[in-house]
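Quick notes on the structure that follows.
There are 2 protein chains.
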Amino acid sequence: MSSDIPDSMVEVKAFLYDVFGTIVDWRTTLTQELSSFATLTSTRISNQTLLNKDWHSFTQKWRNGYKLYINSSNSRNAPFLTVDSLNEQILENLITEFDIVHLWSDEELENLVNLWHNLDPYKDTKPGITRLGVKYVNAILSNANVKLLVDLKRSADLNCFDYMFSAEFWKCYLPNSKVYLDCCEMLNLRPEQVAIVSHAKNDLKNAKKLGLKTVLLQRDDYEDEDEVEEIIDYEEEPNGFGGQANHEFDLIINDFEELAKTMAC
Amino acid sequence: MSSDIPDSMVEVKAFLYDVFGTIVDWRTTLTQELSSFATLTSTRISNQTLLNKDWHSFTQKWRNGYKLYINSSNSRNAPFLTVDSLNEQILENLITEFDIVHLWSDEELENLVNLWHNLDPYKDTKPGITRLGVKYVNAILSNANVKLLVDLKRSADLNCFDYMFSAEFWKCYLPNSKVYLDCCEMLNLRPEQVAIVSHAKNDLKNAKKLGLKTVLLQRDDYEDEDEVEEIIDYEEEPNGFGGQANHEFDLIINDFEELAKTMAC
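Protein chains in written order, with full-length UniProt numbering: chain A, 1 to 265; chain B, 1 to 265.
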């Protein structure tokens, strides 16, 4: 069966998976939960005012705030914060922007931050990654802090992962090179034996520069994320990765079941 | 039910488990595997010579070598090495001591080091810790490097753990205080909300000094380990922990099923 595996992937022994937008569907879960919570608490102010808020936009801005911060931190303009602390700060800014200050108590705000600990996996995540586990090591690699990953693993029953690497141990954010290379070393593998799987093209490009294999997971709900990527000023190699997607990445897949099949599992 | 939990343990939200001798039975598995492997390779030298070796003693000395090294390293006399590297070095010394140099190839020696990646769990480990998982966070905390823990998790099907903390991230060995306290912080818990579970009394005493709760797991096969503990010169508080076992530790248990019952799971 191994002869069916694409040439670029035959050396791979382990997969490192991005979490938000790759493993779990933050956008759908958070938009629904925020909207439901807003309805529940709408009697505290004018019902109409709160129900008219665009919770999809609120969710997207929450995520954008995180992306802008880690990019700034990686450029040494901001200190390392756990993703939980960061999500809390961004939420506080957003409730000012959305003109709903004083609507929710401190405890309710904490519960809203903890929504990130209870996201639903995409439906292909568990069956696909479980199949991959028969032949390969499956590990999460995320900027999320350990507590967030532990809660996510418990709430979504993510037993299909053999390990969960958190950037919290390095006190810096991905796509920092040291994190990728240390993960390979800790798995006792060379970079070309490790594949990063992510919906985020820029994260993959950074990993590719270090010699890791790259798998782009195309999630339908990410078509509208171009706007977000543009606001982040990633450094690009002048001679790198232009043109066709199949020159940019070692593999492009639509879901984890397809990845399992492609890797002969 | 929570009123049945011992007073000293009511605050506990998470358990951190020692691995070798607590979760997995290194002594039985390794002694059997070494003895079988020696029989298989005995035709290379005088059959009698190899079969007469005391593989129980060989296994115990392998473990003692590890304990002596980490104690020395913690006293700043030796650099940090992964447990895999350390086990490899100690094995090389042992084959000289046991007069079996040149018997095994480099590949075979590597396979022998990897026996530590494939140990059997004690029979109460999985059912007991799975029960505890209903109410508590279960995490491994070990000096073992990440690769060793990942292999152990895969080979022994240890899905009952929510996280695996490895001292490899800190580049120092337990019972280093920083490792215990960082684990508590990463779990977003105060030290008194975290209980260490181990068969090793000295590791528990160090954790207790930091405010963590301590659970001594009495494993029958550790009755003969007093000799090992004596060779290690742990620092003791002059006024600490003397006398009755029930003053030394917050809980003493005989297996994980008993711990689950005691913690009202």
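Ideal Cβ placement from N, Cα and C applies to all residues, glycine included.
Check	Outcome
Endpoints, the beta strand (DSSP E) within which residue 267/A is located	Within the shown structure, residues of chain A are numbered from 1 to 265, placing residue 267/A beyond reach of any answer.
Neighbourhood of histidine 117/A by C-beta distance below 7 angstroms, restricted to the same chain and skipping five residues each side	Leu148, Asp151, Leu152, Ser155
Leucine 251/A versus leucine 216/A: straight-line alpha-carbon distance, rounded	6 angstroms
Heavy atom of the ligand MG within 6 angstroms of glycine 133/A beta-carbon	The ligand content of the structure shown is nil, which means the ligand MG is not present either.
Three-state secondary structure (DSSP) of threonine 214/B	strand
Cβ-Cβ separation, alanine 14/B to lysine 187/B (assumed contact under 8 angstroms), whole Å	A small correction: the amino acid at residue 187/B is leucine; lysine does not occupy that position in the sequence shown. So it is a contact: roughly 5 angstroms between Cβ atoms.
Interface residues of chain A facing leucine 187/B [CB-CB closer than 8 angstroms]	Val146, Lys147, Val150
Proximity of serine 42/B and leucine 51/B at Cβ, strictly below 7 angstroms	yes
Pick from Ile129/B, Gly128/B, Arg27/B that is closest to histidine 56/B, judged by C-alpha positions	Arg27/B
Below-7 angstroms beta-carbon distance, asparagine 159/B vs any chain A residue	yes
Runs of beta strand (DSSP E) lying entirely within the stretch 142 to 171 of chain B, each at least 3 residues, in chain order	163 to 166
Beta-bridge partners of leucine 251/A, as assigned by DSSP	Val215/A
Sequence-distant residues of the same chain with beta carbon closer than 6 angstroms to isoleucine 129/A, five excluded per side	Asn138, Cys160, Phe256
N-terminal and C-terminal residue of the alpha helix (DSSP H) that isoleucine 196/B is part of	Looking at the DSSP string, isoleucine 196/B is not in any alpha helix (DSSP H); the run it does join, the beta strand (DSSP E), is 194 to 198.
Identified DSSP bridge partners for phenylalanine 20/B	Val24/B
For isoleucine 5/A, the three-state DSSP class (helix, strand or coil)	coil
Chain-ordered neighbours of lysine 153/B on chain A, where CB pairs are closer than 7 angstroms	Asp162
Closer than 7 angstroms to chain A by CB, phenylalanine 15/B	no
Ranges of the beta strand (DSSP E) found wholly within the stretch 21 to 68 of chain A, counting only runs of at least 3	none
Any C-beta of chain B under 7 angstroms from that of phenylalanine 58/A	no
DSSP state of proline 121/A mapped onto helix, strand, coil	strand
For threonine 29/A and serine 8/A, the rounded distance between their alpha carbons	35 angstroms
Through-space distance from valine 10/A to asparagine 254/A, alpha-carbon basis	20 angstroms
Start and end residues, alpha helix (DSSP H) containing aspartate 84/B	83 to 97
Proximity test, Cβ basis, 7 angstroms: phenylalanine 37/B and chain A	no
Rounded separation between cysteine 184/B and threonine 39/B - CA only	46 angstroms
Neighbour list for valine 137/B in chain A, Cβ cutoff strictly below 8 angstroms	Val150, Arg154
Best match in Ile100/B, Gly21/B, Asp18/B, Gln89/B for proximity to aspartate 54/B [C-alpha to C-alpha]	Ile100/B
Test: phenylalanine 256/B CB closer than 7 angstroms to a CB of chain A	no
Interface flag, phenylalanine 80/A vs chain B, CB-CB below 7 angstroms	no
Interface positions of the stretch 166 to 187 of chain A facing chain B (Cβ-Cβ less than 7 angstroms), listed along the chain	Glu168, Phe169, Met186, Leu187
Extent of the continuous alpha helix (DSSP H) to which methionine 78/A belongs	Note that residue 78/A is alanine in the sequence shown, not methionine. Per DSSP, alanine 78/A belongs to no alpha helix (DSSP H) and is neither H nor E.
Best match in Ile70/A, Phe80/A, Phe58/A, Tyr122/A for proximity to leucine 94/A [C-alpha to C-alpha]	Phe58/A
Contact check, leucine 204/B vs phenylalanine 165/B, beta carbons under 7 angstroms	no
Alpha carbon of arginine 190/B to alpha carbon of lysine 67/B, nearest angstrom	29 angstroms
Residue range of the unbroken alpha helix (DSSP H) whose run includes aspartate 106/B	106 to 113
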